[in-house]
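Chemist: Structure incoming, see below.
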Amino acid sequence: GFSGGAPSCGQSSGAAMRHSEIGAEPYELAAPLLRRHSDENFFTINAMPSPRVSDEGEVVSMPPITNGISARRRRMAVFKVVVYTSLWWMAAILVIVTIKKTVNASGIYRYPFALTSFIQPMTALSAHCLSRIVYRSRPKPPRFKWREVGVLLTMGGLQGLEIGLTNKALEFMTVATRTMISSTNVLFMMCTARLWGLEHLGALRLISAMLLVGGGVVQGLGQGDFSGETKVIGVGMQCISMLLSAQRWALAQLVLQRSDPDSALGQTSKLGLLARTLPLTGFVCVPLSCIFEPGAYAGEKLLQRELWLNVVTVSAALTVMLYAELQLVKRLSAVAFNVLATVHQIPIVLAGVVLQHNVVDRTSAYGFAFCLVGALVYALARHFDRMRMET
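Using the numbering used here, you'd call the opening residue of the sequence shown number 20 and step up by one each time.
Set out below in structure tokens:
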């Protein structure tokens with residue numbers, strides 16, 4: 020701030036902006052202000068030169084000082100999105116490969132619900148320890164109000180039900196059918212974002228959704244696994260799971276982008292949010308395992324050293340993956356994240372080809388191409404939105 024009169028460079032105006040809103044570190048004329056917690060506020064000074072008086076006594080306006088701060092902020096924001104996306108994809112590959120190795124037909128523990136009930140609390144503990152290390156100098160956030168506790172419980176409960184329904188639906192559907200139905204998840208998310216007032220629907224977004232859905236359908240046809248029966252109950256479970264997933268991500272976007280900065284939710288770190296929601300996700304999977312996986316908690320099955328090594332490995336990778344997901348939802352949107360989630364099947368499939376020698380036929384490759392084009396169309400729609408806002 021300034022003491023005394025106005026600065027000599029002329030009239031100045033100050034604007035307090037949240038770090039999360041500008042999506043970049045402060046540069047040059049920006050200085051820390053108000054709070055020390057993460058997502059701090061910064062005080063920026065837009066200095067305008069003093070009016071110059073000509074020889075004839077007329078006031079001549081000077082052009083504003085421009086120093087390229089906005090361009091640097093934009094480049095930094097893009098760089099962070101690329102970094103978080105890369106972390107998310109690499110961690111997701113490790114999580115999926117390890118879980119498949121653990122629960123497949125020849126695995127050491129073929130109980131996905133029970134495995135999830137172990138992994139989620141362990142991931143919460145990992146997120147809590149990492150939060151204490153990374154944010155050790157941050158002041159303790161205020162106490163959570165009952166409404167905020169309800170929000171956290173809702174997020175954890177929705178995620179647990181989503182995981183349970185998705186896993187259970189596989190018993191009533193072929194893998195190809197599940198892939199095709201899951202491809203409509205982006206459309207669920209776009210409609211949910213529109214109903215929640217988070218993002219509007221336009222022609223480009225609808226075109227993007229159709230390309231992504233079409234790509235998922237083509238991928239399902241390419242898998243060629245239509246042996247077995249697809250029941251209506253399986254399709255219904257998968258659709259309910261996608262509906263719950265869309266609500267969870269919309270709620271996460273509201274928490275991350277629109278929480279009062281002075282509230283407990285506004286001052287809690289992303290790792291802190293994970294530490295508070297994941298235990299409930301694991302708890303929801305316990306009764307599901309007891310109902311659908313008898314014998315999962317038998318002593319001889321739990322006393323396996325490799326099982327707990329896999330749980331620790333998945334928990335560590337899952338902490339990184341979920342943290343990157345929340346960062347992407349905060350910096351982009353829930354819809355943008357789900358578009359990236361559709362595209363990130365590509366590196367996962369490539370990892371399967373390299374690590375597990377899976378075979379991808381030409382039809383599946385066409386499906387991936389459709390998804391990639393759909394993601395690019397969505398990126399174009401967001402670019403046009405940003406241009407309209409700037410003008």
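C-beta: ideal position from N, C-alpha, C; glycine also.
1. Take every Cβ of the stretch 325-343, pair it with every Cβ of the stretch 99-112, and state whether three or more of those distances are shorter than 8 Å.
2. Tell me which same chain residues have a C-beta within less than 6 Å of the C-beta of A343, skipping the five on either side of it?
3. Apply the 10 Å Cβ neighbour rule to S156 and answer buried if 16 or more other Cβ atoms are within range, or exposed otherwise.
4. Exposed or buried, V330, counting other C-beta atoms within 10 Å across all chains shown (16 or more means buried)?
5. Have a look at S3 and L322 and give me their C-alpha separation to the nearest angstrom.
6. Measure the alpha-carbon distance for E312 versus G318 and round it to whole angstroms.
7. For F132, tell me which candidate among H402, L172, T300 and L262 has the shortest Cα-Cα distance.
8. Pull up the distance between the alpha-carbon of Q8 and that of A124, whole angstroms please.
9. Measure from the alpha carbon of N357 to the alpha carbon of each residue in Q272, S89 and V251, then state which is nearest.
10. Do the stretch 281-296 and the stretch 145-154 touch if we need at least three Cβ pairs shorter than 8 Å?
11. Do the CB positions of S264 and N204 come within less than 8 Å of each other?
12. Between G183 and V333, which are expected to be in contact by the criterion C-beta below 8 Å, what is the C-beta distance as a whole number of angstroms?
13. Taking the alpha-carbon positions, what's the Q286 to S278 distance?
14. Here's a check: name, in chain order, each residue in its chain whose Cβ is nearer than 8 Å to the Cβ of L345, leaving out the five neighbours to either side.
15. In angstroms, rounded to a whole number, what distance separates the CA positions of F403 and V237?
16. Over what stretch of residues does the alpha helix (DSSP H) that includes G169 continue unbroken?
17. So which of F163, V122, V116 and R94 has the shortest CA-CA distance to S431?
18. Assuming V168 and W268 are in contact, meaning their beta carbons sit under 8 Å apart, how far apart are those beta carbons, in whole angstroms?
19. Among S202, M174 and W165, whose alpha-carbon lies nearest the alpha-carbon of S230?
20. In the DSSP assignment, the alpha helix (DSSP H) including Y316 goes from what residue to what residue?
21. According to DSSP, simplified to helix, strand and coil, what is P131?
Modeler: On the basis of the supplied data:
1. yes
2. For the purposes of this step, residue 343 is taken as residue 324 along the sequence shown, with counting starting at 1. Excluding sequence neighbours, A343 sits near Y103, L106 and W107.
3. Mapped onto the sequence shown, residue 156 falls at position 137. Under this definition S156 is an exposed residue.
4. Residue 330 sits at position 311 when you count from the first residue of the sequence shown. Per the 10 Å Cβ criterion, buried.
5. Residue 3 cannot be examined here, being either before or after the span of the chain that is shown, 20 to 410.
6. Sequence index remark: in the sequence shown, residue 312 carries index 293 (1-based). Sequence index remark: in the sequence shown, residue 318 carries index 299 (1-based). In a straight line, the C-alpha of E312 is about 14 Å away from that of G318.
7. Residue 132 sits at position 113 when you count from the first residue of the sequence shown. The residue with the shortest Cα to Cα distance from F132 is T300.
8. Here the chain has residues from 20 to 410 only, and residue 8 is not among them.
9. If you number the sequence shown from 1, residue 357 lands on position 338. Measuring from the Cα of N357, the nearest candidate turns out to be Q272.
10. yes
11. What you label residue 264 is simply residue 245 of the sequence shown in a count that begins at 1. What you label residue 204 is simply residue 185 of the sequence shown in a count that begins at 1. Yes, these two residues count as a Cβ contact at 8 Å.
12. As a working mapping, residue 183 is identified with position 164 in the sequence shown. As a working mapping, residue 333 is identified with position 314 in the sequence shown. That pair is no contact at about 17 Å.
13. By 1-based counting over the sequence shown, the position of residue 286 is 267. By 1-based counting over the sequence shown, the position of residue 278 is 259. Each residue's Cα considered, the two are about 9 Å apart.
14. On the sequence shown, residue 345 is found 326 positions in, with the first residue counted as 1. A271, L275, K289, L292 and L293.
15. Taking the first residue of the sequence shown as position 1, residue 403 is located at position 384. Taking the first residue of the sequence shown as position 1, residue 237 is located at position 218. Cα to Cα, the separation comes out at about 29 Å.
16. Residue numbering aside, residue 169 sits at position 150 when the sequence shown is read from its first letter. W165 to A188 is the extent of the alpha helix (DSSP H) around G169.
17. Since the first residue shown for the chain is 20 and the last is 410, residue 431 is missing from the structure and cannot be characterised.
18. Within the sequence shown, the letter at position 149 stands for residue 168. Within the sequence shown, the letter at position 249 stands for residue 268. About 20 Å separates the two Cβ atoms, so there is no contact after all.
19. Locating residue 230 in the sequence shown gives position 211, where the first residue counts as 1. For clarity, residue 230 is Leu in the given sequence; the question names Ser instead. Nearest C-alpha to L230: S202.
20. Position 297 of the sequence shown, counted from the first residue, corresponds to residue 316. Careful: Y316 lies outside any alpha helix (DSSP H) and carries neither H nor E.
21. In the sequence shown, residue 131 corresponds to position 112, counting from 1. If DSSP states are grouped into helix, strand and coil, P131 belongs with the helices.
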